[in-house]
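Enquirer: Sequences listed follow chains A and B, in order.
Its first residue numbered 30, the first sequence is counted upward by one per residue in the numbering used here.
Its first residue numbered 52, the second sequence is counted upward by one per residue in the numbering used here.
Quick reminder that beta carbons are idealized off the backbone N, C-alpha and C, glycines included.
What you are looking at is a predicted structure, and each value in this text was computed from that prediction instead of being measured.
Input: one structure, supplied below.
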Amino acid sequence: MKQKQREPFRIFGIIATIVMVFIGPVIVSTYYIHLATLVFIYIMATSSLRIVHVSGQISLGHAAFMAIGGYTSAMLAKHLGWSPWCAMPAGAIAAMMCGILIGFPFSRLRTIYFTMASLFFGIMVTNMVGLAPGLTGSWLGLARIPRLFGSSKVPYYYTFLVLTLITLLVLYRIEHSRVGMTLKSVAQSHLAASSRGINEAGIRILALSIGAFFAGLSGGAYAHYAGFISPVTFGVMPSILLLVYLLAGGKRSFAGPIIGTAVLVLVPYVMGEFKGYAPYFQAVVILAVIFLIPEGMTSLFTQIASRVRERQERRRTSKYAS
Amino acid sequence: MASQVAGHTINVLMISSIYVLVALGFALVFSVMRIMNFAHGAIYMIGGFICYAFWVTLGLGPWAGLLLAMLVTGLFGLFVEKFCFRPFQRDFEKATLMAIALVIVLKTTADLTVGPLSRSMPPIVPGSVRIGTIVLGADRLTVFLIAAALLTAFTLLVQKTKMGQAMLAIAHDPEAASLMGINTHRISALVCATGCGLAGLAGGLVGSVLVLHVMIADTMLVKVIEVVILGGIGSIGGIWAGGLAMGVVDGLGPYFLPAVFSEPLGLALVIAILVIRPQGFYGHGM
């Protein structure tokens with residue numbers, strides 16, 4: 030009975046969100062469309078990090094896959110004249126290949142060893158731009174990358190919206206399939222999982238390659254949207270930030286990376302002239318996640334909802350009592 | 052020729068001793084508290100700037116600057132141990148997040164106060180030293196001597212005194228150590244304070260021969276983890292050896308191989324060691 034009462038509100042909320050997301054660009058200014066586009070790109074990256082995290086590994090080098098995807102795509106489009114539409118999937122596949130290659134040695138490593146190895150992998154990839162300065166532009170970055178569309182930001186918005194939705198759909202399906210269950214079981218106890226006949230190394234390589242594919246896609250999207258990439262765009266700090274987005278949003282729920290990314294990417298822009306202080310806010314969010322809301326921002330909603338429901342319940346019972 | 056060889060040797064020794072100085076604190080915090088202190092590089096950088104502030108901005112001279120840098124970062128280490136690391140000793144993910152939060156706060160503070168420009172301090176002892184036909188830069192020699200003296204003292208402290216034995220006991224088995232009447236909290240506070248203090252002092256020393264910049268936090272953190280992985284985290288001798296190897300590679304490497312190649316190559320090597328032999332060449336597993 031209670032569930033039914035809440036149902037119309039829920040459907041209304043979902044429809045309102047969908048309408049807002051699709052109609053939004055017509056109403057708001059270009060600046061907000063730009064921000065939303067950035068949020069879409071980072072949602073793809075953070076969600077792809079999540080599938081690595083679900084397999085029980087904490088990666089501090091996930092932006093390296095964005096770098097591989099972004100650089101491959103940008104160089105194909107710029108130097109070989111590929112269409113960005115073909116270059117972007119090619120970049121994603123290149124990132125996936127690297128994910129598989131790296132996955133073989135890395136699947137031996139657990140917890141802190143994996144974290145350190147992924148950190149070094151991230152630094153190594155960004156350092157490798159120096160090997161071919163003519164192609165990659167070295168540390169100064171690669172400029173004038175062919176872009177997907179003209180100057181208007183609205184088509185980017187819709188393209189990346191669709192890309193993000195596809196990414197989320199695929200990741201959601203994977204996570205709620207047998208493979209997803211296997212990943213979670215490996216994360217909980219690799220001993221118990223392998224005693225049930227699960228190939229631990231294989232499933233970790235799979236998770237890493239899927240994560241790398243979508244991270245590469247988001248890197249390519251970034252390259253063809255911004256038109257400029259540099260090693261700093263995908264360095265150590267972005268890797269750390271991806272992890273922070275994920276954990277701030279909530280690692281347990283699928284919506285976690287979406288909410289965490291949306292909030293934390295937007296904060297520096299909302300702060301206006303105090304933009305330099307934005308990292309402090311990120312640090313505060315990390316502290317809040319450590320001390321107050323270990324399950325991230327998504328758990329905040331359920332916590333508040335359960336608190337409210339409890340209070341209503343109490344009020345109702347006290348009314349009957351009196 | 053002899054001067055040149057001696058100059059390179061001193062250079063390598065100086066770089067190595069700085070690496071070992073920072074890496075020892077990192078490794079001890081890891082061994083005793085089981086916490087990966089990603090903020091160690093940032094503390095090193097902050098130490099350098101504190102030294103700069105006292106020495107150059109306030110004009111207190113090199114010795115006061117170095118001592119105060121060590122003192123302030125040491126106290127910061129105490130604070131960090133008590134409020135940031137102690138509650139999360141058993142939780143790798145939370146401890147890592149905590150260290151990341153510390154890095155963000157320290158680096159942003161440095162970014163806002165110091166800015167993107169690099170600073171450098173005058174040499175601690177100007178001029179040069181003459182031994183027979185060999186001429187050496189006095190600044191590098193002083194830095195090496197200070198670092199080496201501290202390293203020796205610290206190593207002796209760990210290996211010879213009762214307190215050091217207590218540290219090793221906790222590193223070996225925290226529960227058994229506390230059953231033997233060792234105050235684990237006090238020892239880990241001491242370890243964290245000493246480690247951070249040494250890192251801060253190293254920052255000050257480096258500032259007088261090389262340059263200070265916000266980015267040195269990241270580069271030093273990477274070097275330190277490389278040294279620790281090379282040497283193995285549980286052994287002081289291993290860290291000495293790892294630091295020396297790193298110093299040789301960094302001090303002489305540019306003469307043989309462009310940095311463009313050597314950097315990714317070094318990182319790939321470290322990843323390979325991590326995959327093949329995670330406990331390093333000496334020492335035990337983590």
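Give me the Cβ distance between HIS205(A) and SER102(A), rounded to the nearest whole Å; I'm assuming they're in contact under 8 Å.
Expert: Residue mapping note: residue 205(A) aligns to position 176 of the first sequence, counting from 1. Residue mapping note: residue 102(A) aligns to position 73 of the first sequence, counting from 1. That belief does not hold up - the Cβ atoms of HIS205(A) and SER102(A) are roughly 30 Å apart, past 8 Å.
Enquirer: Residues of the segment 155-175 of chain B in Cβ contact with chain A at a cutoff of 9 Å, in chain order, please.
Expert: So the close ones are ILE155, VAL156, LYS158, THR159, THR160, ASP162, LEU163.
Enquirer: Measure the alpha-carbon distance for LEU295(B) versus LEU303(B) and round it to whole angstroms.
Expert: Working through the second sequence from its first residue, we reach residue 295(B) at position 244. Working through the second sequence from its first residue, we reach residue 303(B) at position 252. Using only the alpha carbons, I get a separation of about 12 Å.
Enquirer: Pick helix, strand or coil for GLY35(B), following the three-state DSSP scheme.
Expert: Residue 35(B) is absent from the model: chain B starts at 52 and stops at 337.
Enquirer: Tell me whether SER179(B) sits in a helix, a strand or coil according to DSSP, three-state version.
Expert: For the purposes of this step, residue 179(B) is taken as residue 128 along the second sequence, with counting starting at 1. SER179(B): strand per DSSP, three-state reduction.
Enquirer: Can you tell me which of ALA96(A), LEU321(A), SER136(A) puts its alpha carbon nearest to the alpha carbon of LYS145(B)?
Expert: The residue you call residue 145(B) lines up with position 94 of the second sequence. Nearest option by C-alpha distance: LEU321(A).
Enquirer: Excluding the 5 residues preceding and the 5 following THR235(B) in the sequence, name in chain order all residues of the same chain whose CB lies nearer than 7 Å to its CB.
Expert: Taking the second sequence and counting its residues from 1, the one referred to as residue 235(B) is at position 184. Same-chain partners within the cutoff: ILE221, PRO225, ALA228, SER229.
Enquirer: Counting only beta-carbon separations shorter than 8 Å, does ALA340(B) have a partner in chain A?
Expert: The first residue shown for chain B is 52 and the last is 337, placing residue 340(B) beyond what the model contains.
Enquirer: Let me check understanding here. Comparing Cα to Cα, which of MET297(B), VAL311(B), LEU281(B) lies closest to ALA323(B)?
Expert: Here residue 323(B) is taken as the residue at index 272 of the second sequence, counted from 1. Minimum Cα distance to ALA323(B) is reached at LEU281(B).
Enquirer: Secondary structure at LEU109(B), three-state DSSP: helix, strand or coil?
Expert: Residue mapping note: residue 109(B) aligns to position 58 of the second sequence, counting from 1. Here LEU109(B) sits in coil by DSSP.
Enquirer: Return helix, strand or coil for ARG137(A), following the three-state DSSP convention.
Expert: Within the first sequence, numbered from 1, the residue matching residue 137(A) stands at position 108. Three-state result, ARG137(A): coil.
Enquirer: Just to confirm, is the Cβ distance from VAL299(B) to ALA78(B) under 8 Å?
Expert: Here the question's residue 299(B) lines up with position 248 in the second sequence. Here the question's residue 78(B) lines up with position 27 in the second sequence. Cβ atoms of VAL299(B) and ALA78(B): not closer than 8 Å.
Enquirer: Just mark VAL313(A) as buried or exposed, buried being the case when its beta carbon has 16 or more other beta carbons within 10 Å.
Expert: As a working note, residue 313(A) is residue 284 in the first sequence. Classification for VAL313(A): exposed.
Enquirer: So with CB distances below 9 Å, who are the chain B contacts of GLY159(A)?
Expert: Working through the first sequence from its first residue, we reach residue 159(A) at position 130. In chain order: PRO309, ALA310, VAL311, PHE312, GLU314, PRO315.
Enquirer: Check the DSSP bridge columns for ARG344(A) and list the partner residues they point to.
Expert: The sequence position of residue 344(A) within the first sequence is 315, counting from 1. The partner list for ARG344(A) (beta bridge, DSSP) is empty, contrary to what the question assumes.
Enquirer: Which residues, in order along the segment 304-319 of chain A, keep a beta-carbon less than 8 Å from a beta-carbon of chain B?
Expert: So the list reads GLY305, TYR306, PRO308, TYR309, GLN311, ALA312, ILE315, LEU316, VAL318, ILE319, given in the order they occur along the chain.
Enquirer: Alpha carbon to alpha carbon, how far is GLY251(B) from MET96(B)? Give it in angstroms, no decimals.
Expert: Locating residue 96(B) in the second sequence gives position 45, where the first residue counts as 1. Locating residue 251(B) in the second sequence gives position 200, where the first residue counts as 1. Going from the Cα of MET96(B) to the Cα of GLY251(B) covers about 7 Å.
Enquirer: In three-state DSSP terms, what is LEU20(B)?
Expert: The structure shown does not extend to residue 20(B), since chain B spans only 52 to 337, so no value can be given for it.
Enquirer: Under three-state DSSP, which class holds ARG170(B)?
Expert: The count along the second sequence starts at 1 and reaches residue 170(B) at position 119. Correct three-state label for ARG170(B): strand.
Enquirer: Output the boundary residues of the alpha helix (DSSP H) element that contains GLN140(B).
Expert: Numbered from its first residue, the second sequence carries residue 140(B) at position 89. That residue, GLN140(B), is in no alpha helix (DSSP H); it is neither H nor E in DSSP.
Enquirer: Compute the Euclidean distance between the alpha carbons of PRO260(A) and ILE269(A), then round it to the nearest angstrom.
Expert: In the first sequence, counting from the first residue as 1, residue 260(A) sits at position 231. In the first sequence, counting from the first residue as 1, residue 269(A) sits at position 240. Each residue's Cα considered, the two are about 15 Å apart.
Enquirer: Taking beta-carbon pairs under 7 Å, can you tell me which members of the segment 57-83 of chain A lie near chain B?
Expert: Residues passing the 7 Å Cβ filter: none.
Enquirer: Report the option in GLY110(B), ILE287(B), ALA104(B) whose CA atom is closest to the CA atom of PHE205(B).
Expert: In the second sequence, residue 205(B) corresponds to position 154, counting from 1. Of the candidates GLY110(B), ILE287(B), ALA104(B), the one whose C-alpha sits nearest the C-alpha of PHE205(B) is ILE287(B).
Enquirer: Could you say if the segment 329-346 of chain A and the segment 156-174 of chain B meet the contact criterion of at least three C-beta pairs nearer than 8 Å?
Expert: Because the criterion of three Cβ pairs below 8 Å is not met, the segment 329-346 of chain A and the segment 156-174 of chain B do not touch.
Enquirer: In chain order, what residues of the same chain lie with their CB nearer than 8 Å to the CB of VAL209(B), ignoring the 5 residues before and after it?
Expert: What you label residue 209(B) is simply residue 158 of the second sequence in a count that begins at 1. Closer than 8 Å at Cβ, skipping near neighbours: LEU79, GLY215, MET218, LEU219, ILE287.
Enquirer: Out of ILE87(A), ALA45(A), ALA123(A), THR75(A), state which residue places its alpha-carbon closest to the alpha-carbon of ARG233(A).
Expert: Within the first sequence, the letter at position 204 stands for residue 233(A). The shortest Cα separation from ARG233(A) among ILE87(A), ALA45(A), ALA123(A), THR75(A) belongs to ILE87(A).
Enquirer: Could you work out which residues of chain A lie near PHE143(B), taking near to mean beta carbons separated by less than 9 Å?
Expert: If you number the second sequence from 1, residue 143(B) lands on position 92. Those within 9 Å of PHE143(B) in chain A are ILE87, THR140, ILE141, THR144.
Enquirer: Mind checking the segment 207-225 of chain A against chain B and listing, in chain order, the residues whose C-beta falls within less than 9 Å of any C-beta there?
Expert: If the cut-off is 9 Å between Cβ atoms, the segment 207-225 of chain A has nothing near chain B.
Enquirer: Any beta-carbon of chain C closer than 8 Å to the one on ASN156(A)?
Expert: In the structure shown, chain C does not exist; the protein chains are A and B.
Enquirer: Counting only C-beta atoms, is LEU276(A) closer than 8 Å to chain B at any point?
Expert: One-based indexing of the first sequence puts residue 276(A) at position 247. It does: the Cβ of LEU276(A) has a partner Cβ on chain B nearer than 8 Å.
Enquirer: State the start and end residues of the unbroken alpha helix (DSSP H) segment that holds ILE327(B).
Expert: If you number the second sequence from 1, residue 327(B) lands on position 276. Per DSSP, ILE327(B) belongs to the alpha helix (DSSP H) from 310-327.
Enquirer: May I ask you to list the residues that DSSP assigns as paired with LEU171(A)?
Expert: The sequence position of residue 171(A) within the first sequence is 142, counting from 1. Answer by DSSP bridge pairing, in chain order: ILE258(A).
Enquirer: Return the Cβ separation of LEU246(A) and THR75(A) in integer angstroms, given the expectation that the two are a contact with Cβ distance under 8 Å.
Expert: One-based indexing of the first sequence puts residue 246(A) at position 217. One-based indexing of the first sequence puts residue 75(A) at position 46. Contact flag wrong, Cβ pair sits at about 13 Å.
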